[in-house]
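Colleague:
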Amino acid sequence: MSVVTRYAPSPTGALHIGGARTALFNWAFARHQGGSFLLRFEDTDQARSTRESEEAVLEALSWLGLDYDPVPGFEDIPRQSERLERYREAIEGLLATGAAYRCTCTVEELEAARRAAREARRQPGYNGTCRNKEIGPEPGRPFCVRLRTPEDGLTRWNDLNAGPSGEDISQLDDFIMLRSDGTPVYHLAVVVDDHDMGITHVIRGREHMTSTPRQLLLYRALGFEPPQFAHVPLLVEAGGKKLSKRHESMSVQSYRDRGFAPEAVLNFIARLGWSHSDLEIFTKEELVKLFTLAGVGRSPSQVHNDKLLWLNQHYIKSLPMPTLLSHAHRFLEAEAGGPLRVEPQLERLIDLLRERSKTFMEMASLARFYLVDALELEPKAARKYLTARMAQPLRELRDAFAVLPEWTQESLRGAFDAVIERHQLKLGQLAQPVRVAVVGGPASPGIFETLEILGRERSLARIDAALTRIGSSAQD
RNA sequence: GGUCCCAUCGUCUAGUGGCCUAGGAUACCAGGUUCUCACCCUGGAGACACGGGUUCGACUCCCGUUGGGACCA
Numbered sequence: 028m029s030v031v032t033r034y035a036p037s038p039t040g041a042l043h044i045g046g047a048r049t050a051l052f053n054w055a056f057a058r059h060q061g062g063s064f065l066l067r068f069e070d071t072d073q074a075r076s077t078r079e080s081e082e083a084v085l086e087a088l089s090w091l092g093l094d095y096d097p098v099p100g101f102e103d104i105p106r107q108s109e110r111l112e113r114y115r116e117a118i119e120g121l122l123a124t125g126a127a128y129r130c131t132c133t134v135e136e137l138e139a140a141r142r143a144a145r146e147a148r149r150q151p152g153y154n155g156t157c158r159n160k161e162i163g164p165e166p167g168r169p170f171c172v173r174l175r176t177p178e179d180g181l182t183r184w185n186d187l188n189a190g191p192s193g194e195d196i197s198q199l200d201d202f203i204m205l206r207s208d209g210t211p212v213y214h215l216a217v218v219v220d221d222h223d224m225g226i227t228h229v230i231r232g233r234e235h236m237t238s239t240p241r242q243l244l245l246y247r248a249l250g251f252e253p254p255q256f257a258h259v260p261l262l263v264e265a266g267g268k269k270l271s272k273r274h275e276s277m278s279v280q281s282y283r284d285r286g287f288a289p290e291a292v293l294n295f296i297a298r299l300g301w302s303h304s305d306l307e308i309f310t311k312e313e314l315v316k317l318f319t320l321a322g323v324g325r326s327p328s329q330v331h332n333d334k335l336l337w338l339n340q341h342y343i344k345s346l347p348m349p350t351l352l353s354h355a356h357r358f359l360e361a362e363a364g365g366p367l368r369v370e371p372q373l374e375r376l377i378d379l380l381r382e383r384s385k386t387f388m389e390m391a392s393l394a395r396f397y398l399v400d401a402l403e404l405e406p407k408a409a410r411k412y413l414t415a416r417m418a419q420p421l422r423e424l425r426d427a428f429a430v431l432p433e434w435t436q437e438s439l440r441g442a443f444d445a446v447i448e449r450h451q452l453k454l455g456q457l458a459q460p461v462r463v464a465v466v467g468g469p470a471s472p473g474i475f476e477t478l479e480i481l482g483r484e485r486s487l488a489r490i491d492a493a494l495t496r497i498g499s500s501a502q503d
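Okay, so the first sequence: first residue is 28 according to the working numbering, each after it adds one.
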């Protein structure tokens, strides 16, 4: 039988990195097995679920390159809010077989019973008042539907990540499946959905581990074959606390907006919990080939972005130019302050910037000197390098530049050499002032390459501006 | 409060009783390269939470403690 996995987020916000990793594991597992990977929205919390969030999740998945398959028998991605009838029907079935029963206990009665149980040091679960009352379909007062949990026994399953797991049923009470307002409870919906969608493997976060016994009970009561489960360890924040869904900076979108490549983010989150011996860098295709649940660890991992930064730079260095440009384009435009055409010179610059950029944001800011016309100089660098004693050499260099027969790295080097020799300077002593003049700061790619790319006209103008600046500050 | 889970360098991890006085990666530090920054190269420092067992032998198995976490209320 072919493997079918799913990712079933609640569309209540952006896709955060923990959710993305769960999706990734499900996706990689399915693709590795040649099975399918499905999506479903668990939007029973109508108050917080939004279509915008659904869009955000879809967009994040597609950015990461996690493609999903159509769900057989469904027009669109299933939404729990559109399946309420199906859940009620399942509950009716349960009532018909006696696996569930109606309960008319009021909130007050429940509270009192719970308090009494606590005082008697007993489990605070439902005390079973209505269990054998055989309450019919029209009780004449509000009712909920509860599962008739067996008195004793064990629910066991062999978790594909956590190993043999299970719980004593006496821990479980007759939990509610249909609330008195007529809405089904989460566990019921999940079980019915997973069954209807033909899910064979449920790979989800550890936080769902303790609710698995209940769900197993439901599978049994409904006469469904339970899937295999793998409860993978959670991702936690740097301090070790649970990843908060509110934390915007942990969202996939935020990583994108800060200039990370999807290839890097994917690689990073896969490696958070999954490993294949010492392999650190891998493509999506390699991940699919290598991914197994056995490779997923058992302890939670903290999200530290150090390694992501390194990975991102690795991908910036090695991605093919068209891919790189498509990722970087919006950042370059933002820096340029308007629409941008990528000319060959800019492409050359980007090539040089690859090994100097940890993010696309950084890359764009390093390319700023090329992208803008009005360049502002860093005061500190200007003070340090644009000194009065450098004015003369700079002026000579500028004049030599002006009459160069061709604007190439070789001829630029020749001009530098002549000035250096005349003034007994080291290359660095002359290169730094020039660098500050043309890029605005003390760091850039090699000076000859930088000048060549900037072009003669702009280079001369910037050196002139720098000379003017030296002149005016000398008179102060 | 109850149930369950987890525990190797700062971080991600390799490791399934002897091959480990613990390997890789990142981050950090030092040096090299260099016109600057970065890349790159070399080196350094850095961990089996603790206590009991089991065993000829434990980081690896068991129990407990501590710490962290999740879930149910």
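Ideal placement from N, C-alpha and C gives every residue a C-beta, glycine not left out.
In three-state terms, what does DSSP make of residue 503?
Modeller: Taking the first residue of the first sequence as position 1, residue 503 is located at position 476. For residue 503, the pLDDT reaches just 47, beneath the cut-off of 50, and the residue's location in the model is therefore unreliable, leaving the point undetermined.
Colleague: Evaluate contact between the region 324 to 338 and the region 365 to 382, counting only Cβ atoms and requiring at least three cross-stretch pairs below 8 Å.
Modeller: no
Colleague: Consult DSSP for residue 184 and reduce its assignment to one of helix, strand or coil.
Modeller: Position 157 of the first sequence holds residue 184. Looking at residue 184 - three-state DSSP - the assignment turns out to be strand.
Colleague: How about residue 388 and residue 380: do their beta carbons lie closer than 7 Å?
Modeller: Translated into positions along the first sequence, residue 388 becomes position 361. Translated into positions along the first sequence, residue 380 becomes position 353. The answer is no: Cβ separation not under 7 Å.
Colleague: Is the region 210 to 227 close to the region 181 to 192, with three or more CB pairs under 8 Å?
Modeller: no
Colleague: Taking C-alpha atoms, which residue in 358, 226, 303, 267 lies nearest to residue 254?
Modeller: Taking the first residue of the first sequence as position 1, residue 254 is located at position 227. Among 358, 226, 303, 267, the Cα nearest to that of residue 254 is on 226.
Colleague: Taking its Cβ as the centre, do 16 or more other Cβ atoms sit within 10 Å of residue 445, making it buried, or is it exposed?
Modeller: Against the first sequence, residue 445 aligns to sequence position 418. Residue 445 comes out exposed.
Colleague: Inspect the beta-carbon positions of residue 168 and residue 128 and report whether they are closer than 7 Å.
Modeller: Translated into the one-based positions of the first sequence, residue 168 becomes position 141. Translated into the one-based positions of the first sequence, residue 128 becomes position 101. For residue 168 and residue 128, no; Cβs fall outside 7 Å.
Colleague: Given a cut-off of 7 Å on the beta-carbon distance, is the pair residue 63 and residue 57 in contact?
Modeller: One-based indexing of the first sequence puts residue 63 at position 36. One-based indexing of the first sequence puts residue 57 at position 30. Yes; because the gap between Cβ atoms is below 7 Å, this pair is in contact.
Colleague: Counting only the same chain and skipping the five closest in sequence on each side, list residues whose C-beta sits under 7 Å from that of residue 53.
Modeller: Position 26 of the first sequence, counting from 1, holds the residue named residue 53. Excluding sequence neighbours, residue 53 sits near 32, 33, 34, 64, 230.
Colleague: Is the region 293 to 301 touching the region 254 to 265, taking contact as three or more C-beta pairs under 8 Å?
Modeller: The answer is yes - the region 254 to 265 touches the region 293 to 301, with three or more Cβ pairs under 8 Å.
Colleague: Is the Cβ-Cβ distance between residue 324 and residue 49 less than 7 Å?
Modeller: By 1-based counting over the first sequence, the position of residue 324 is 297. By 1-based counting over the first sequence, the position of residue 49 is 22. Contact flag unset, no.
Colleague: Classify residue 417 as buried or exposed, calling it buried when 16 or more other Cβ atoms lie within 10 Å of its own Cβ.
Modeller: Start at 1 with the first residue of the first sequence, and residue 417 comes out as number 390. By the 10 Å Cβ count, residue 417 comes out buried.
Colleague: Considering only the alpha carbon of each residue, which of 351, 141, 409, 119 lies closest to residue 163?
Modeller: What you label residue 163 is simply residue 136 of the first sequence in a count that begins at 1. It is 119 whose Cα lies nearest to the Cα of residue 163.
Colleague: Can we say the region 407 to 427 touches the region 442 to 458, given the rule of at least three CB pairs closer than 8 Å?
Modeller: yes
Colleague: Just checking my contact of residue 102 with residue 38 at CB under 8 Å: how many whole Å lie between their CB atoms?
Modeller: Along the first sequence, one-based indexing puts residue 102 at 75. Along the first sequence, one-based indexing puts residue 38 at 11. Actually they are not in contact, since the Cβ atoms of residue 102 and residue 38 sit about 18 Å apart, beyond 8 Å.
Colleague: For the alpha helix (DSSP H) containing residue 355, list its first residue and its last residue.
Modeller: Working through the first sequence from its first residue, we reach residue 355 at position 328. Judged by DSSP secondary structure, residue 355 falls within the alpha helix (DSSP H) whose first and last residues are 348 to 363.
Colleague: Can the beta-carbon of residue 386 be found less than 7 Å from the beta-carbon of residue 468?
Modeller: Start at 1 with the first residue of the first sequence, and residue 386 comes out as number 359. Start at 1 with the first residue of the first sequence, and residue 468 comes out as number 441. No, the Cβ-Cβ distance between residue 386 and residue 468 is not below 7 Å.
Colleague: On a Cα-Cα basis, can you pick out the residue from 274, 236, 228 that is closest to residue 252?
Modeller: For the purposes of this step, residue 252 is identified with residue 225 of the first sequence, where counting begins at 1. Of the listed residues, the one whose Cα sits closest to residue 252 is 228.
Colleague: Nearest to residue 60 by alpha carbon, out of 28, 363, 202, 408?
Modeller: Start at 1 with the first residue of the first sequence, and residue 60 comes out as number 33. Per the C-alpha coordinates, the member of 28, 363, 202, 408 positioned closest to residue 60 is 28.
Colleague: To the nearest angstrom, how far is it from the Cα of residue 79 to the Cα of residue 319?
Modeller: Residue 79 sits at position 52 when you count from the first residue of the first sequence. Residue 319 sits at position 292 when you count from the first residue of the first sequence. Each residue's alpha carbon lies about 33 Å from the other.
Colleague: Here's the rule: buried if 16 or more other CB atoms are within 10 angstroms of the residue's CB, otherwise exposed. What is residue 238?
Modeller: For the purposes of this step, residue 238 is taken as the residue at position 211 of the first sequence. Burial call: exposed.
Colleague: Put residue 34 into one of helix, strand or coil per three-state DSSP.
Modeller: In the first sequence, residue 34 corresponds to position 7, counting from 1. If DSSP states are grouped into helix, strand and coil, residue 34 belongs with the strands.
Colleague: Rounded to the nearest angstrom, how far is the Cβ of residue 117 from that of residue 249, given a contact under 8 Å?
Modeller: For the purposes of this step, residue 117 is taken as the residue at position 90 of the first sequence. For the purposes of this step, residue 249 is taken as the residue at position 222 of the first sequence. Indeed, because the Cβ distance is near 6 Å, the residues count as touching under 8 Å.
Colleague: Answer with buried or exposed for residue 435, where buried requires no fewer than 16 other C-beta atoms within 10 angstroms of its C-beta.
Modeller: Counting from 1 along the first sequence, the entry for residue 435 is found at position 408. Classification of residue 435: exposed, given that the 10 Å Cβ count is below 16.
Colleague: Can you tell me whether residue 430 is helix, strand or coil according to DSSP?
Modeller: The sequence position of residue 430 within the first sequence is 403, counting from 1. Residue state, collapsed to three classes: coil.
Colleague: Output needed for residue 275: all residues of its chain with C-beta closer than 8 Å, excluding positions within five of it in sequence on either side, in chain order.
Modeller: In the first sequence, residue 275 corresponds to position 248, counting from 1. The residues are 41, 281.
Colleague: For my contact list, residue 551 and residue 216 are in at a C-beta cut-off of 8 Å; report their separation, rounded to the angstrom.
Modeller: Shown here, the chain extends from 28 to 503; a query on residue 551 therefore has no answer.
Colleague: Could you please give the first and the last residue of the uninterrupted beta strand (DSSP E) stretch that includes residue 256?
Modeller: On the first sequence, residue 256 is found 229 positions in, with the first residue counted as 1. First-last of the beta strand (DSSP E) with residue 256: 255 to 259.
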